[in-house]
Amino acid sequence: GYVELNRSAFLEPDGLPKPRKSIFVSHKLTVSVGEIVNGGPLPSVPHHVPVSSFNGQNKYIGGSTSVDQAGSSQKPSMEVTEGRLESRGVDLEAAAVRVQPPAHLLPSLLPRQQLPALPPVQPMSQPGAQPEPLSSKPQPGYTDTDIAEVVDGLVHDVLKGECREVGGAGAAYVAAAICTSEATMEELVTEVTGEILTQVAGSVLSVERQRVQEERRRVEEERQKQEREQLIKQLSQLLGMELMEEVIKESVKEASTNELRCALERDRQARIARCSEEVCGHFMELSLEDEIFQIAKETLQELQCFCKYLKRWREAVAARTKLKRQMRAFPAAPCGMDSKHQLKALSPSAEWPIAMENLCKRFVNLGNGGKLGVSCTRLNWLRNKTVHDMKVQHFYQQLVSDLAWTPLDLVSLITEHIPVQQEQVFWKVLLVLPSDDEYAKDDPNKILMDWVKAKFLGDKICKKNASHTGGKIQTLTLFSSSGMQGSRSINVSVCVKVAQGALSDSELDMAETQKDLLGTSGLILLLPPRVRSEDVAEDDVYWLSALLQLKQLLQAKPFHPIVPLVVLVPSQEEEAMEKEVEDGLMLQDLISAQLISDYTIAELPGSVNDLEGTRRISVAVGWLVSQYPDSLELCSQTLQEYIEDGVDGEFGKRFYHDWKERRVAGLPSQEPGAIIELYNSVLQFLSDVASSEHLCDLSWPVTEFSEPGGNNLLPHLQWNMPDHLAWLKKAVLSFQIPYLDLPPLGAPWRPVCHMIFQYISQIASSSHTQPLIQSQVENLLSKTYQKWKTRTSGNSDEGGPSVGEIPWDCILAVCIDHKLRDWKPPKLPVAPEAVSKDGQIRVYFFKEHLKNYTVPFSWDQARLRTQEEIRQGHKRSRIKSPNSFKKLCSISVMPGQYGSGMSKLSGQEVSIACADEFTDMSLTHEHLLAQLQLEKVENRRFEEQLHQCLTEDTEPLGDLLGLPLYLPQSLLSTSAVTCPLVKSSLSPAQKAGSEEGQKVLETEQSPALSDRLKHLQQLLRATREAEPASQLHLSALLDMVDI
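To convert a position in the sequence shown, counted from 1, into our numbering, add 13.
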């Protein structure tokens, strides 16, 4: 077979198609010369049919196509007509193959298919009989008519074949043209569409860019406009402030000048008046002395004359009395008259009836006989007695009225009925009175409200009226006084608030903002006088208005604690009064809603000028005091004390107990993750207690007695506000330290140290305090390295101690200690009222809440591991070691002290080390002596550094050679830390004891090795105890030198 590799048949030409030969010309070349040879047809000529080696996707599919070649065989004894027809059919078939359209006209994207070949033309005439072989000249067996018919059939067949060929070629060409045109059209449409889309996208993009630029320009203009307006506003404000300051300065200057002038004038007038008074007094004194002397002299002379006259008068009176007695027996003679009027005088002329006016004047008109005076001693006595009784009754009523309007002795009532036993009692009551706008000044209801307020005015000497004029809730009484509760003296602070009428929303908001109702211990509600009416709606309005006023105040105050209620009802003289008040005010519903704890109803008499009303209101106040809410057992500490006590109580005891157990058992330090988890969980718990949600609903303290910063008795006003509690929570959580994962057990020494130093750099709050903690940690790591180096004696190929030998607990203790001392408050603003005068911030909490701490699960697991490791160590020691061997091993597992290298090997390593180390007694002796010598060298080095620091420092140190100044209170209060510090003060004596012990060791040659080991052990313990003291002294001095 053949394969035509023509690239033009599979690729679209770039230019015009190449010129090609016409189909008709190619058709003429297919006719053979001489169609009939020896009376038979020619064999069929094989024609090559090109087949594509590529598919529709222009992929090569191989050239294994075979072209069937038409084989023709010689058919003997066939007629000429049949042979010609068969030959013509073969030619037609070949021509049909050749007239196929060229391959380059078909689109390359469509699959290339071969057009079916034209079927051979069937002969039109029936084949004749086989001619006999010619022996002589052949005779024609047909006529001209037969030839004409054959020629017509041939022409018809030829024309039919030609038409079929031309039609097939045209159809193929049209199909190829259609495919090509469709592909071309798609390409053109795609190109045109792309160009149109490009133009549209460009126009849209340009429009969008213009819009964005316009928007940016508009935003920029708006920003510039706002900045300009803001600048103008600021400048105007500044200018206004300056002008205001100038005006204020001028006004203040003018006012001060006027005041100074007035003050000088008043002072001058006062001096003139004072001098005038003194001069007048002096002259008055002189003149009065002269006048008094003259008056006394004249009086004395008059008295002497009066005595003489009185003596003479007595003598004359005695003579008259004697004459009257002598003349009493004789009848009265008429007055001397002439004879003309004598008869008239003897006739009766006395008035009758007697006029009351004359009797009131104590005489009787006798007419001609004159006037007769009348006097009655009993009547005067009765009159005087009546007047006296009236005066007594008047003064008694006045005293009773004064006593009825006298304020209650609140201090005595409180000390007598208060149920709590406290040295300081705060009692705040709120008087709820009806509105007095609708009452006149002399109205009985107005008088009743004034009387109730007068009963709670308190002592005028200690009263401090601090009423707020901006709202309806005013302070009526505010004082503090001491009283006696039994034989115990207590201090009582009383505050009485009064609210008249219903409050508006703005007044309620003002009351909540000013915390007027904070710390209220009870409420006293005075109902307005009730006017009896048959209309039910008026009664409902009466009770609902009183209930609304009461509920407003109950809901405006914090809900805890719940307060009692006293209801004062004006006298109604009804038996079912209490039941009606309970139903009208729905008091049981108020108790169910936990707005009030209990209530009592007191009826006031109609008149307030007697003592019955005072007695009843005293009983009501006594009951109110007896229902005093349970005192809030709030504990108060400064933030530093709160953190230190909490960490010491919940973290320190557990941490040092586990630390001691592991040191005694010879175990390595606890995992740092468990220690950090315990410490951080304690701080999380402390933050939750200090910022508990229960504190927000507490009605405490009494606003009028609180002070900025608070104290042990009363907190400040912002102590339970959400913002302050959030600040406290963040402040406590800021004491937490980041987590530290334990490195792999086979980690090298230097990378582990680098990791530790990176961790402690996160603990320090600033670069100034980082060297301190870094030096402490370096000291711990250096001691660990020295111990490892002494133990291995330089024979180990390792670079340093393993991870298990590092004292993680000591490092974390140093970090926690530094964190507690080097703390900075959070950046959130704190309320100014929360800071006391000395700059401290107090924390208020419930002591019961501190008992609810739950140890984290990781610490429980750590404790279980500790107990399991101790148990395994005990089993191993019982199996391996006798008593003497235990003594030898105990040297290497002594519990270390704080700050002196607390890391030890685990129990297994200690046991193995002891077994390998003390197999030979001589080696043990040499090892202990080497350790003691090393301790001496370190001690001598510390003494040299201390001496150098002392010689370089010129300032006198004085008492600074004692304990370091940077130890916190939390660590000083811990027994595990305090013990070595107490021992450190005895370091010189211990050093002397160690030297004496060494001399004894050198001089004495005891045959028992255990005694020598005992002495060496004591010397080693003394040296270890002396080392922390030297280290602490040195670090303190170095810190002071750096400062």
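Cβ coordinates follow ideal geometry from the N, Cα and C atoms, glycine included. Just so you know, these numbers come straight off a predicted model, no measurement behind them.
For residue i, which of the options has the nearest alpha-carbon?
{"i": "Y555", "options": "C508, L645, L372 and A515", "result": "A515"}
{"i": "G817", "options": "G665, P756, S249 and Q775", "result": "P756"}
{"i": "V638", "options": "E616, Q607, V702 and L426", "result": "L426"}
{"i": "E846", "options": "P839, Y772, P721 and D671", "result": "P721"}
{"i": "A678", "options": "G635, Q885, R281 and I36", "result": "Q885"}
{"i": "F859", "options": "A760, S700 and K802", "result": "S700"}
{"i": "K510", "options": "R545, A467 and P542", "result": "A467"}
{"i": "T879", "options": "L758, V260 and R675", "result": "R675"}
{"i": "K454", "options": "P447, D463 and S712", "result": "D463"}
{"i": "S634", "options": "L538, R375 and L566", "result": "Note on residue identity: the sequence assigns Val, not Ser, to residue 634. When only C-alpha atoms are compared, the closest one is L538."}
{"i": "L461", "options": "P542, L412 and L395", "result": "P542"}
{"i": "Q640", "options": "H430, L793 and H401", "result": "H430"}
{"i": "C828", "options": "L753, T803, P447 and P839", "result": "L753"}
{"i": "S495", "options": "K485, E436 and T526", "result": "E436"}
{"i": "S644", "options": "I367, V292 and S712", "result": "S712"}
{"i": "L560", "options": "C648, T197, Q410 and L540", "result": "L540"}
{"i": "F664", "options": "D830, W636, L680 and I819", "result": "D830"}
{"i": "I854", "options": "S806, V843 and S546", "result": "V843"}
The beta strand (DSSP E) spanning residue i covers which residue range?
{"i": "R193", "result": "It is Thr, not Arg, that sits at residue 193 in the sequence shown. Counting along the chain, T193 falls outside any beta strand (DSSP E), though it belongs to the alpha helix (DSSP H) covering D157 to M340."}
{"i": "Q498", "result": "I486 to Q498"}
{"i": "V387", "result": "Note, V387: premise wrong, no beta strand (DSSP E); not H, not E."}
{"i": "K850", "result": "Premise fails: K850 is in no beta strand (DSSP E) and is neither H nor E."}
{"i": "V442", "result": "Q437 to L446"}
{"i": "N378", "result": "F376 to N378"}
The alpha helix (DSSP H) that contains residue i, what's its start and end?
{"i": "C508", "result": "No alpha helix (DSSP H) contains C508, which is instead part of the beta strand (DSSP E) from R501 to Q513."}
{"i": "S605", "result": "L600 to S605"}
{"i": "N393", "result": "T390 to A417"}
{"i": "E520", "result": "D518 to Q527"}
{"i": "S712", "result": "Careful: S712 lies outside any alpha helix (DSSP H) and carries neither H nor E."}
{"i": "L696", "result": "P685 to A703"}
{"i": "I824", "result": "W821 to R834"}
{"i": "N458", "result": "P457 to K468"}
{"i": "R855", "result": "From DSSP, R855 is part of no alpha helix (DSSP H) but of the beta strand (DSSP E) over R855 to F859."}
{"i": "F371", "result": "Phe is not the amino acid found at residue 371; the sequence shown has Asn there. It spans M369 to C373 - the alpha helix (DSSP H) in which N371 sits, taken as one unbroken run."}
{"i": "V790", "result": "Q783 to T805"}
If residue i sits next to residue j, beta carbons under 8 Å apart, how far is it from one beta carbon to the other, in whole angstroms?
{"i": "Y866", "j": "F668", "result": "Not quite, the Cβ-Cβ distance comes to about 14 Å (not below 8 Å), so this is no contact."}
{"i": "D449", "j": "Q513", "result": "6 Å"}
{"i": "P685", "j": "W872", "result": "With 8 Å as the limit, P685 and W872 do not qualify as a contact, their Cβ atoms being about 12 Å apart."}
{"i": "N371", "j": "N378", "result": "6 Å"}
{"i": "L624", "j": "A417", "result": "6 Å"}
{"i": "A569", "j": "A524", "result": "6 Å"}
{"i": "T613", "j": "V576", "result": "Wrong, their Cβ atoms sit about 13 Å apart, outside the cutoff."}
{"i": "F469", "j": "P432", "result": "Not quite, the Cβ-Cβ distance comes to about 21 Å (not below 8 Å), so this is no contact."}
{"i": "F770", "j": "Q787", "result": "7 Å"}
For residue i and chain D, any beta-carbon pair shorter than 8 Å?
{"i": "V438", "result": "Considering every chain present, this structure includes no chain D. It has just one protein chain."}
Stretch pair the segment 624–642 + the segment 592–605: three plus CB contacts closer than 8 Å = As far as the Cβ criterion goes, the segment 624–642 does not touch the segment 592–605, which means the pair count is below three.
Should the segment 685–698 be regarded as contacting the segment 609–621, the criterion being three or more beta carbon pairs within less than 8 Å?
-> no
Looking at C-beta atoms only, is the number of pairs between the segment 430–450 and the segment 497–508 that lie closer than 8 Å three or more?
-> The answer is yes - the segment 497–508 touches the segment 430–450, with three or more Cβ pairs under 8 Å.
Are the segment 704–720 and the segment 522–532 in contact at 8 Å, needing three or more beta carbon pairs?
-> yes
At a cut of 8 Å, does the segment 773–784 reach the segment 723–735 through at least three beta carbon pairs?
-> At 8 Å Cβ cutoff, the stretches do not touch.
Is the segment 696–709 in contact with the segment 738–752, if contact means three or more CB pairs nearer than 8 Å?
-> yes
Segment contact flag, the segment 792–804 with the segment 741–750, C-beta cutoff 8 Å, min 3 pairs = Not touching, per the Cβ criterion.
Any chance you could list the alpha helix (DSSP H) runs of at least 4 consecutive residues sitting entirely within the segment 596–674, in chain order?
-> 600–605, 624–639 and 652–659
Can you list, in chain order, the stretches of the alpha helix (DSSP H) that have 4 or more residues and sit fully within the segment 725–769?
-> Counting whole runs of 4 or more residues, the segment 725–769 contains the alpha helix (DSSP H) stretches 735–746.
Completely contained beta strand (DSSP E) runs for the segment 533–592, where each covers 3 or more residues = 535–539 and 576–583
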